[in-house]
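Written below as structure tokens is the structure these notes are about.
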Amino acid sequence: MSPTASSSRAPRATERAPCRAGSRREPCASWRLDRAARMPGPPRAERSTVRAVTTRRVPARLGPVSERRWERPFTAQGRAAPVPSRTRGEGPPRVLIRGGTVIDPAQGLHATRDVRIADGRVGALGARLGRARGEEVVDARGLLVTPGLIDLHVHVFFGASHYGIEPDPHCLATGTTTVVDAGSAGALTFPAFRKYVIEVAATRILPFLNIGATGMLSAEVGELEELRFIDRTKALQSIEANRGLIRGVKVRLSRQQVGPNARVALLTARETAEAARLPLMVHVGDTPIPLDDILIELRAGDVLTHCFHGRPQGVLDEHGRVRAEARRAADRGVTFDVGHGVGSFSFAVARAALAQDLKPTTISSDLHVYNIHGPVFDLATTMSKFLALGLSLDEVVRMTTEAPARALDALGELGTLAPGAAADLTLLRLEEGTYEFVDTRGETMKAAARLVPVRVVRNGVARPAGLQQPRVPPTA
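With this note's numbering as the guide, the letters of the sequence shown map in order to residues 2 to 477.
Structure representation (structure tokens):
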């Protein structure tokens, strides 16, 4: 498989920048990241992989950020500031988001609406809702209001996995309210992941468990190269101990992670997912076994991530046509997930697949420490790339709200603004101008618009978004 954003080992020497003998191998892409860009921390002032040539903003007005006690803004370091205790008898925050363009594909809605939030839930959705007593009003005129964005592929096991980023400054602060950690932890490391990351983050984290018992700890050793770590029994025990939290099983099948054990790893993961009654997510790209052999094993609801990776054994055959087995998998309900990452997204492959009516089911970022400063940045940037590729705004929103919620069997609670749903919302600005995006193969593409997160509501608590803004410096 290719050195994707989920890879735990380095690409081959022919695919990476030269390194000194004996130096630590790290994932990289053909366009190369300098050392500073691969380390966590505040973003650099300028990002060379996305450039704004000219900029014209769609008119938008957003009220000032509230200073009420229940607000939890982000500190200068990007961490969510502590929320002071509420006074006795004080209930959850009540918020009225007024005048935004609500896009909720799950309800077939694209219209100007007000959204009332009460008790951590969507209380009402309608035109010109009256302000209730004590209700905070957010002026969303000129903004898009969507269900909280869901990223089906990130790596947030910060402090343990070499891929791990802190979820709140890099996900919630950039408009994503729910993330799926795609196999950073295995059965042996999951207790620490749950205690020290999942349970303390403001971002909702719904993990897939790695079939490799150690998870994605090191760039030096693939988690599935050693057969003894492919442990069905331990995985099932971990799933049962965390039933309702773990949402699926993850297996990475690139050469760097699996070595000679691809078929054993795939079949063990398949059996584990079926025994646990959970979906299977398979990371593909430069796999040591044919993609068709992998696709045959996938059932409705399973996830093929890195679907447009541009490496050997992709969804296109040697003639550039969509593989028949890929078409059959899509038709039977396999989720085709983008999983952009640092080495797993090709404009050329995506363009050819879209031209043949093979669209992704879900748009995800595969955000991790090696791509937070480019080429990924955040989920909104990945969404913007698909707008540039010709998908409609409603399609792009559906692929980051309704569709991933369905994949997680959580639609109704997540992925919609229907009354009673969790009060997770994202407010975005559609900015018009001339932009240039880059994929992981070094190809650039001009775009006439981009999506920028402005504000986010998680569990009824409104926060400013855009910690990493401006993502591109405007030019004269």
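Think of the CB as a built atom: it goes at the ideal place given N, C-alpha and C, for glycine as much as any other residue.
query: Distance between isoleucine 240 and glycine 187 (C-alpha atoms, nearest Å); result: 10 Å
query: Anticipated Cβ contact below 8 Å, arginine 451 with serine 385, distance rounded; result: 4 Å
query: Threonine 215 vs leucine 254 beta-carbon contact at 7 Å; result: no
query: Proline 420 burial status per 10 Å Cβ neighbour count (16 or more: buried); result: exposed
query: Sequence-distant residues of its chain with Cβ nearer than 8 Å to threonine 135 (five each side left out); result: For the record, residue 135 in the displayed sequence is glycine; it is not threonine. The residues are Arg95.
query: Cβ-Cβ separation, leucine 380 to leucine 207 (assumed contact under 8 Å), whole Å; result: The Cβ separation is near 15 Å, so there is no contact.
query: Coarse secondary structure for aspartate 120, derived from DSSP in three states; result: coil
query: Given histidine 341 as reference, the closest of Gly109, Ala406, Leu368 once Cα atoms are compared; result: Leu368
query: Cβ shell of arginine 122 (< 8 Å), same chain only, five flanking positions each side left out; result: Pro420, Gly421, Ala422, Ala423, Ala424, Gly461
query: Beta-ladder partner(s) of valine 462, from DSSP; result: Arg459
query: Extent of the continuous beta strand (DSSP E) to which lysine 360 belongs; result: Careful: lysine 360 lies outside any beta strand (DSSP E) and carries neither H nor E.
query: Within-7 Å CB hit, arginine 329 to chain B; result: Among the protein chains of the structure shown there is no chain B, as only one such chain exists.
query: Bounding residues of the beta strand (DSSP E) (the contiguous stretch that carries methionine 282); result: 281 to 284
query: Three-state secondary structure assigned by DSSP to phenylalanine 337; result: strand
query: Euclidean distance between Cα positions of alanine 242 and proline 192; result: 10 Å
query: Contact set for threonine 388: own chain, Cβ-Cβ below 8 Å, skip 5 residues either direction; result: Looking at the sequence itself, residue 388 is leucine, so the reference to threonine does not match. Contacts found: Leu394, Val397, Ala448, Ala450, Arg451, Leu452.
query: Residues that DSSP places opposite histidine 111 in a beta bridge; result: Ile104
query: Residues of its chain near alanine 349, where Cβ-Cβ distance is below 6 Å and the 5 sequence neighbours each way are ignored; result: none
query: Sequence-distant residues of the same chain with beta carbon closer than 6 Å to threonine 5, five excluded per side; result: In this predicted model, threonine 5 has a pLDDT of only 40, less than 50, meaning its place in the structure is not dependable enough to derive any value.
query: C-alpha gap between arginine 312 and valine 180, whole angstroms; result: 26 Å
query: Tyrosine 197, DSSP secondary structure in three states; result: helix
query: Own chain partners of arginine 271 with C-beta closer than 8 Å, once the 5 adjacent residues on each side are dropped; result: Leu281, Glu298
query: Supposed close pair alanine 356, glycine 334 - CB separation, criterion 8 Å; result: Actually they are not in contact, since the Cβ atoms of alanine 356 and glycine 334 sit about 23 Å apart, beyond 8 Å.
query: Whole-angstrom distance between histidine 171 and valine 455, CA atom to CA atom; result: 14 Å
query: DSSP three-state assignment for histidine 171, whether helix, strand or coil; result: helix
query: Alpha-carbon to alpha-carbon, arginine 205 and arginine 322; result: 38 Å
query: Contacting residues, own chain, Cβ-Cβ under 7 Å from glycine 124 (five flanking each side not counted); result: Arg117, Ile118, Pro420
query: Neighbourhood of valine 377 by C-beta, 6 Å cutoff - its chain only, sequence neighbours within 5 removed; result: His341, Ser366, Leu368
query: Alanine 183 beta carbon less than 7 Å from that of glutamate 403; result: no
query: Range covered by the beta strand (DSSP E) that runs through glutamate 272; result: Segment 263 to 277 is the alpha helix (DSSP H) holding glutamate 272; no beta strand (DSSP E) there.
query: Beta carbon of alanine 330 nearer than 7 Å to that of leucine 296; result: yes
query: Inter-residue spacing [alpha-carbon to alpha-carbon] between aspartate 105 and glutamate 326; result: 32 Å
query: Check whether histidine 154 and tyrosine 164 have beta carbons under 7 Å apart; result: no
query: The ligand NAD heavy atom lying under 6 Å from the CB of alanine 174; result: The ligand NAD is not part of the structure shown, which contains no ligands of any sort.
query: Cross-strand partners of alanine 480 (DSSP beta bridge); result: Residue 480 is absent from the structure shown; the chain starts at 2 and stops at 477.
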